[in-house]
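Below is one structure, written out as C-alpha cells; comments come after it.
There are 2 protein chains.
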Amino acid sequence: MGVMTRWLDPDEQRTWRAFLTASRALMDALDRELQRDAGMPHAYYEILVRLSEAPDRPLRMSELAELTGSSRSRLSHAAARLEASGWIRREDCPTDRRGQIAVLTDTGFATLAAAAPGHVEGVRRHLFDALSPAQVDQLRRISETLAEHLTDSGPN
Amino acid sequence: MGVMTRWLDPDEQRTWRAFLTASRALMDALDRELQRDAGMPHAYYEILVRLSEAPDRPLRMSELAELTGSSRSRLSHAAARLEASGWIRREDCPTDRRGQIAVLTDTGFATLAAAAPGHVEGVRRHLFDALSPAQVDQLRRISETLAEHLTDSGPN
DNA sequence: CCGATTTTGTTGAGCGTTCAACTATCGGCG
DNA sequence: CGCCGATAGTTGAACGCTCAACAAAATCGG
Chain A
395 MGVMTRWLDP DEQRTWRAFL TASRALMDAL DRELQRDAGM PHAYYEILVR
445 LSEAPDRPLR MSELAELTGS SRSRLSHAAA RLEASGWIRR EDCPTDRRGQ
495 IAVLTDTGFA TLAAAAPGHV EGVRRHLFDA LSPAQVDQLR RISETLAEHL
545 TDSGPN
Chain B
395 MGVMTRWLDP DEQRTWRAFL TASRALMDAL DRELQRDAGM PHAYYEILVR
445 LSEAPDRPLR MSELAELTGS SRSRLSHAAA RLEASGWIRR EDCPTDRRGQ
495 IAVLTDTGFA TLAAAAPGHV EGVRRHLFDA LSPAQVDQLR RISETLAEHL
545 TDSGPN
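So the sequences go chain by chain: A and B. One point on numbering: in the working numbering, the residue at position 153 of the first sequence is 547, and numbering is uninterrupted. One point on numbering: in the working numbering, the residue at position 114 of the second sequence is 508, and numbering is uninterrupted.
And the structure:
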C-alpha cells in the first residue's frame, strides 16, 4: 500500500479495450454459432476435440482438464453433461482407483465430425480472414508469450 | 454443402490454440482477482467504469449495453444486481418513456475507486509486462482489426 | 506399517449469461 | 388521427461456471 498505481497510458488503454472487445466478440460469435449448429458450447467442443486426438491412449480427467484449461470441477460438470448426451463415456482407471478415464463414443465422434467444418469455417471467417499472414504470426507469438507468462505465475 | 472444408494448417492450429489458451487464462485470472478483491465479476467492473466516464451525461441502458458489448438482457440482469448492491441507480429517461438511465451512486464510485488500482495492476502484470512495446502495438492493431471485422458482419 | 498429507474427482449452492417471450412506447405512413 | 412495425427494456427458465466442501485412494515420513 502507499505505492502509486501505474495507470494505463492512452495507448495501453486503447489496446486493452480493443483486445477486450475483440476477444469477447470473437468468443461470443463462435459460441453462438456452435450452440446453434451443434447444440453445444465451445468449451464442450474443445473437450470432444481433445478426446478425438487421443483415440488410442485414453485421457484421465485431470489431464483433460489441463489440456482444455479448465478446473477439475468444470470438467466434472461438463463430463456429466457430455455423458448424459451420449457423447463420451467414463471408465475406471486400471492403474489408479481414484482415476476416471474419458472416452469419446461413436455418437460423440459423429457429432464432432458434423460440427467441425462449420466451426472451422467460423474461426476462419472471424479470425484468420481478417488478418494478414504477418499479423497471424504476431498473434501466435503474442499468445504463446502470454500463455507461458500466465501459467508460470499462474492460477496461484 | 459439398464445399470442401478448408481446415486449419499447422501454423493456424497453433495460433488458434495459443490464442484460446492465453485469452482464457488472462480473463480467468482477472475475473478471479476482481471477484476476490472487489466482490464483482469483470463484466460488472466494466459497467461501473463506463458509467464513471460519463459523470454528467447519464447513459441509456442500450448505449451502456453497446459500450460494454453485452446484450440488453445481460445488461438488464446486471443492472438489477448492481442496483441491489447499491452501486448504481436506474432513473426514467425524460425524453423517452421506454428508456432507463443508469447512474453511478457515490457508493458505486467509491467501490470502483477501491477496486481500480488492483485491477489495473493485474492487467499490467498479466498482459503488458509480458509483451514488448512492439508487441503491444501489434496487439492493438490486430484487436482493432478484429473488432471492426466482427461488428461488421457481426452479431447477425 | 501407520498416520498425515496430497491428489483425484465429484457434488451442490450461488451466480451470471443466454434465449425466447413479453410489455410498453415510439415513429412513420396512410 | 390510427394503425403497424421497430425499438427499449424486463423477465423467467435453462444452463454453464465458480467456489467450497467432501469422499476415496495414493503417497510420504517416521
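Just so it is clear, CB atoms sit at the ideal spot from N, CA and C, and this is done for glycine as well.
Length of the line joining the Cα atoms of residue i and residue j
{"i": "Ser-456 (chain B)", "j": "Pro-488 (chain B)", "result": "15 Å"}
{"i": "Asp-431 (chain B)", "j": "Ala-508 (chain B)", "result": "9 Å"}
{"i": "Leu-453 (chain B)", "j": "Ala-474 (chain B)", "result": "15 Å"}
{"i": "Asp-554 (chain B)", "j": "Arg-451 (chain A)", "result": "This structure gives no information on residue 554 (chain B), because the portion of chain B shown stretches from 395 to 550."}
{"i": "Pro-449 (chain A)", "j": "Gly-463 (chain B)", "result": "39 Å"}
{"i": "Leu-498 (chain B)", "j": "Leu-506 (chain B)", "result": "10 Å"}
Three-state secondary structure assigned by DSSP to residue i
{"i": "Ala-524 (chain B)", "result": "helix"}
{"i": "Glu-427 (chain B)", "result": "helix"}
{"i": "Val-397 (chain B)", "result": "coil"}
{"i": "Arg-451 (chain B)", "result": "coil"}
{"i": "Asp-486 (chain B)", "result": "strand"}
{"i": "Leu-498 (chain A)", "result": "strand"}
{"i": "Gly-493 (chain B)", "result": "coil"}
{"i": "Asn-550 (chain B)", "result": "In this prediction, Asn-550 (chain B) scores a pLDDT of 41, lower than 50, which makes its location untrustworthy; no coordinate-derived value is stated."}
{"i": "Gly-480 (chain A)", "result": "coil"}
{"i": "Asp-405 (chain A)", "result": "helix"}
{"i": "Gln-532 (chain B)", "result": "helix"}
{"i": "Gly-512 (chain B)", "result": "helix"}
{"i": "Ser-417 (chain B)", "result": "helix"}
{"i": "Ser-446 (chain B)", "result": "helix"}
{"i": "Ser-470 (chain A)", "result": "helix"}
{"i": "Ser-465 (chain B)", "result": "coil"}
Residues near residue i in its chain [Cβ-Cβ closer than 7 Å; skip 5 each side]
{"i": "Glu-477 (chain A)", "result": "Arg-483 and Arg-484"}
{"i": "Phe-503 (chain A)", "result": "Ser-446"}
{"i": "Thr-501 (chain B)", "result": "Gly-480 and Trp-481"}
{"i": "Gln-429 (chain A)", "result": "Pro-435"}
Supposed close pair residue i, residue j - CB separation, criterion 8 Å
{"i": "Thr-539 (chain B)", "j": "Leu-424 (chain A)", "result": "Not really, about 17 Å apart at Cβ, beyond 8 Å."}
{"i": "Phe-522 (chain A)", "j": "Glu-406 (chain B)", "result": "6 Å"}
{"i": "Leu-402 (chain A)", "j": "Val-514 (chain B)", "result": "6 Å"}
{"i": "Ala-419 (chain B)", "j": "Leu-544 (chain A)", "result": "4 Å"}
Residues near residue i by beta carbon distance below 8 Å, same chain, minus five either side
{"i": "Asn-550 (chain B)", "result": "Because the pLDDT at Asn-550 (chain B) is just 41, under 50, the model does not fix this residue reliably, and the point stays unresolved."}
{"i": "Ala-416 (chain A)", "result": "none"}
Contacting residues, own chain, Cβ-Cβ under 6 Å from residue i (five flanking each side not counted)
{"i": "Arg-519 (chain A)", "result": "none"}
Contact list for the region 456-474 of chain A against chain B, Cβ threshold 8 Å: Gly-463
Where the region 413-431 of chain A meets chain B: residues whose CB sits under 7 Å from a CB there: Phe-413, Thr-415, Ala-416, Ser-417, Arg-418, Ala-419, Leu-420 and Ala-423
Against chain B: residues of the region 502-520 of chain A by CB proximity under 9 Å: Ala-510, Pro-511, Gly-512, Val-514, Glu-515, Val-517, Arg-518, Arg-519 and His-520
Check each residue of the region 398-412 of chain A: if its Cβ is closer than 8 Å to any Cβ of chain B, include it; give the result in chain order. Thr-399, Arg-400, Trp-401, Leu-402, Asp-405, Glu-406, Arg-408, Thr-409, Trp-410 and Ala-412
Residues of the region 534-546 of chain B with Cβ closer than 9 Å to any Cβ of chain A, in chain order: Going along the region 534-546 of chain B in chain order, one finds Arg-534, Arg-535, Ile-536, Ser-537, Glu-538, Thr-539, Leu-540, Ala-541, Glu-542, His-543, Leu-544 and Thr-545 with a Cβ nearer than 9 Å to chain A.
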